[in-house]
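Take a look at the structure set out below.
Residue numbers (the numbering used here): 19 to 148.
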């Protein structure tokens with residue numbers, strides 16, 4: 019009986035001490051993922067304006083990828099843009115965090131700074147990513 023009470027007390031202490039730390043680790047991972055996605059969005063815009071080329075940003079489960087058009091004007095992106103680490107994924111989460119994008123589909127960053135839903139640049143959009 020004494021052993022059972024001791025075990026219950028230890029479990030209670032671990033719950034009070036360890037659980038907040040586990041939760042903090044998960045929230046940091048979520049913050050890191052958000053920062054990576056935000057950095058990819060800013061990089062896409064900078065690349066489009068700096069190179070005066072169309073840049074396409076594709077959001078998928080657990081990853082964000084960039085591609086750039088090899089010529090201007092263009093309506094499609096045909097060259098993958100690798101990050102500083104040489105990986106084509108600008109943001110990556112091995113746990114497969116799902117992104118919900120409204121409106122859905124590839125984002126096209128135009129050389130003039132607009133974000134559109136098509137490569138031709140005729141449909142400007144306000145995008146929400148959650």
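For every residue, glycine included, the Cβ atom is placed at its ideal position computed from N, Cα and C. Predicted model only: the values in this text are computed from it and were never measured.
Under the rule that 16 or more other beta-carbon atoms within 10 Å means buried, what is residue 86, buried or exposed?
buried
If we ignore side chains and look at the alpha-carbon of each, how far apart do residue 82 and residue 25 end up?
Cα to Cα, residue 82 sits roughly 46 angstroms from residue 25.
Measure the Cβ-Cβ separation of residue 138 and residue 93 and say whether it is below 8 angstroms.
Yes, the Cβ-Cβ distance between residue 138 and residue 93 is below 8 angstroms.
Where the beta strand (DSSP E) containing residue 93 begins and where it ends
Where residue 93 is concerned, there is no enclosing beta strand (DSSP E), given that its DSSP letter is neither H nor E.
Taking all protein chains shown into account, decide if residue 55 is buried (16 or more other Cβ within 10 angstroms of its Cβ) or exposed.
buried
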